[in-house]
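A.B. asks: Chains A and B are the protein sequences, given in the same order. Using the working numbering, the first residue of the first sequence is number 18, and each one after it goes up by one. Using the working numbering, the first residue of the second sequence is number 18, and each one after it goes up by one. Take this structure, written in structure tokens, and hold onto it; I'll ask about it next.
Number of protein chains: 2
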Amino acid sequence: MEAKKLLLQANLKATHQRQVILNLLLACKNHPTVENMYALSKKEIPSISLATVYKTLDSFSQAGIINKTLTTEGIVRFDPNLSSHGHIYCTNSNEIIDYFDNELNELVSNFFKKKKVKNFHIKKISLNIMGTKIDPDKSMSIK
Amino acid sequence: MEAKKLLLQANLKATHQRQVILNLLLACKNHPTVENMYALSKKEIPSISLATVYKTLDSFSQAGIINKTLTTEGIVRFDPNLSSHGHIYCTNSNEIIDYFDNELNELVSNFFKKKKVKNFHIKKISLNIMGTKIDPDKSMSIK
DNA sequence: ATCACTGCAAATTATTTGCATCTCG
DNA sequence: CGAGATGCAAATAATTTGCAGTGAT
């Protein structure tokens, strides 16, 4: 039970609903919304309430187990991928894919080592690439 | 009347409320919320309705006159600065300042010239730096 | 004159909260 | 056992919509 361990490490009570939600999140390869997670978890726990899903996702992102992101359209989504990465949004289809490139990470973090932001402690840098798909039926991808 | 010209260029009818809102936006050095703009415009047009402000800001961002941004907390804000720039968010105070650096822009755009994103047409790249202020009474700034 | 824009109020949607009950540790 | 989590329903917040009247081109 991977999820249980993660929860305890984060000082969260490992309730059934939390374990189910976390397992679903870890299996997710996309960036689910609250409603997505509600629908998914309802399959396993039909009695789960939407408020619990809200509270749970919130406590997960508080604890740093997942990240909260927002699309340009203002839709709240959750990102189970914690490693430093960017996002590619298609502003037509609202698709999001993760973007990860070591070279870019180096580039940006080196840059900010030189250029200091004054009176500010940087916690996270995120790069968002917005645009549109050329062939709407295929998905976008990184070379 | 700078605003009027901009509106006509964007194929939007130059109504009084739109001109007032756009002028306020152009004078703004920060990233106002809908409510901010409602309060400001109400000073000049006491009868203006909140729905109009919503619709107006929406049509402006549709037309590309301003940009819609979102804080990590999900607050919708508008950014009258259209040139390519990033944002520095303080996750405690919800302050946002623009971040612009030519060197960084070069760095990132060169990077994406090499690394192609397949089946995707990039429209905008935005870099968001999240963190906290060290001295909460002062503002953050870039060296 | 036409068609888009405005303002109002009502509707919708998203999210939060209070509280009684239950569960993990 | 006790702190903290859950589920429900109700509350709040944010945004949108329909529509009649108004105004810009």
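Ideal placement from N, C-alpha and C gives every residue a C-beta, glycine not left out. Owing to the predicted nature of the structure, the values given are computational and were not obtained by experimental measurement.
#1: Relative to the alpha-carbon of residue 146 (chain A), which residue among A:133, A:117, A:37 has its alpha-carbon at the smallest distance?
#2: Give a yes or no on whether the minimum CB-CB distance between residue 66 (chain B) and chain A is below 9 Å.
#3: Rounded C-beta distance between residue 109 (chain A) and residue 150 (chain A)? I'm assuming under 8 Å.
#4: State the DSSP-derived secondary structure class of residue 138 (chain A), mapped to helix, strand or coil.
#5: Distance, Cα to Cα, residue 45 (chain A) vs residue 133 (chain A)?
#6: Under 9 Å, Cβ to Cβ, is there at least one residue of chain B near residue 102 (chain A)?
#7: From the DSSP secondary-structure annotation, give me the bridge partner or partners of residue 177 (chain A).
#8: Where do the ends of the alpha helix (DSSP H) carrying residue 33 (chain B) lie?
#9: Got a sec: which bits of the segment 128-148 of chain B sit with their beta carbon under 7 Å from any beta carbon on chain A, in order along the chain?
#10: Identify, in the order they occur along the chain, each residue of the same chain with its Cβ nearer than 6 Å to the Cβ of residue 119 (chain B), setting aside the five sequence neighbours on each side.
#11: Closest Cβ-Cβ distance between residue 54 (chain A) and chain B: below 9 Å?
#12: Please identify the residue among B:102, B:112, B:106, B:113 whose C-alpha is closest to the C-alpha of residue 123 (chain B).
#13: Check the DSSP bridge columns for residue 75 (chain A) and list the partner residues they point to.
#14: Go through its chain and collect everything with a Cβ distance to residue 21 (chain B)'s Cβ below 7 Å, but skip five positions before and after it.
#15: To the nearest angstrom, report how far apart residue 26 (chain A) and residue 69 (chain A) are at their CA atoms.
#16: Mind listing, in chain order, the continuous beta strand (DSSP E) runs of no fewer than 3 residues lying wholly within the segment 53-134 of chain B?
#17: Against chain A, with Cβ distances strictly below 9 Å, would residue 121 (chain B) count as a contact?
#18: Cβ of residue 77 (chain A) within 9 Å of Cβ of residue 38 (chain A)?
#19: How many angstroms separate the CA atom of residue 57 (chain A) from the CA atom of residue 41 (chain A)?
#20: Measure the beta-carbon distance from residue 114 (chain A) to residue 157 (chain A) and round it to whole angstroms, keeping in mind my assumption that it falls under 8 Å.
#21: Show which residues of chain A have a CB atom less than 9 Å away from the CB atom of residue 171 (chain B).
#22: Can you pull the chain A neighbours of residue 152 (chain B), defined as C-beta to C-beta under 9 Å?
#23: Determine the burial state of residue 96 (chain B): buried for a count of at least 16 other Cβ atoms within 10 Å of its Cβ, exposed for fewer.
#24: Using 10 angstroms around the beta-carbon of residue 143 (chain A), count the other beta-carbons present and answer buried if the total reaches 16, otherwise exposed.
#25: Label residue 82 (chain B) either buried or exposed according to how many other C-beta atoms from any shown protein chain fall within 10 Å of its C-beta, with 16 as the threshold for buried.
#26: Strictly under 9 Å for the Cβ-Cβ distance: is residue 96 (chain B) near chain A by that measure?
#27: How about residue 75 (chain A): is its C-beta nearer than 9 Å to some C-beta of chain B?
#28: Does the distance from the C-beta atom of residue 155 (chain A) to that of residue 136 (chain B) stay below 9 Å?
#29: Going along the chain, which residues of its own chain have a beta-carbon closer than 6 Å to the beta-carbon of residue 55 (chain B), five neighbours each way excluded?
#30: Tell me the DSSP secondary structure of residue 29 (chain A) in three-state form.
C.D. replies: Once the coordinates are examined:
#1: Selected option, being the one with the closest Cα: A:117.
#2: For residue 66 (chain B), the nearest beta carbon of chain A is not closer than 9 Å to its own beta carbon.
#3: About 7 Å separates the two Cβ atoms, so the contact holds.
#4: DSSP places residue 138 (chain A) in strand when its eight states are reduced to three.
#5: If you take the alpha carbons of residue 45 (chain A) and residue 133 (chain A), they lie about 36 Å apart.
#6: No, residue 102 (chain A) lies away from the interface with chain B (no Cβ there is under 9 Å from its Cβ).
#7: Since the first and last residues shown for chain A are 18 and 160, residue 177 (chain A) lies out of range.
#8: That run of the alpha helix (DSSP H) goes 33-44.
#9: Cβ contacts with chain A: 128, 132, 133, 134, 135, 136, 137, 138, 139, 140, 141, 142, 143, 144, 145, 146, 147, 148.
#10: Cβ contact annotation for residue 119 (chain B) (same chain, cutoff 6 Å, sequence separation greater than five): none.
#11: No, residue 54 (chain A) does not count as interfacial toward chain B.
#12: Considering only alpha carbons, the answer is B:102.
#13: DSSP links residue 75 (chain A) through a beta bridge to no other residue.
#14: Within the same chain, residue 21 (chain B) has close Cβ partners 31, 36.
#15: Between residue 26 (chain A) and residue 69 (chain A), the C-alpha separation is close to 21 Å.
#16: If we require 3 residues or more, the beta strand (DSSP E) runs fully inside the segment 53-134 of chain B come out as 84-87, 93-96, 103-107, 113-116.
#17: Look at residue 121 (chain B): its C-beta is under 9 Å from a C-beta on chain A.
#18: Taking 9 Å as the Cβ cut-off, residue 77 (chain A) and residue 38 (chain A) qualify as a contacting pair.
#19: Near 8 Å, if we compare the C-alpha coordinates of residue 41 (chain A) and residue 57 (chain A).
#20: 6 Å between Cβ atoms; contact.
#21: Here chain B comprises residues numbered 18 to 160, so residue 171 (chain B) is not present and cannot be evaluated.
#22: Ordered by position in chain A, the residues that pass the 9 Å Cβ test against residue 152 (chain B) are 136.
#23: Classification for residue 96 (chain B): buried.
#24: With 16 or more other Cβ atoms within 10 Å, it is buried.
#25: Buried, since its Cβ has 16 or more Cβ neighbours within 10 Å.
#26: By this cut-off, residue 96 (chain B) is not an interface position.
#27: Closer than 9 Å: no.
#28: With respect to the 9 Å criterion, residue 155 (chain A) and residue 136 (chain B) are classified as neighbours on the basis of their beta carbons.
#29: If we look at residue 55 (chain B) and ignore the five residues flanking it on each side, its Cβ neighbours are 67, 70.
#30: The DSSP-derived three-state label of residue 29 (chain A) is coil.
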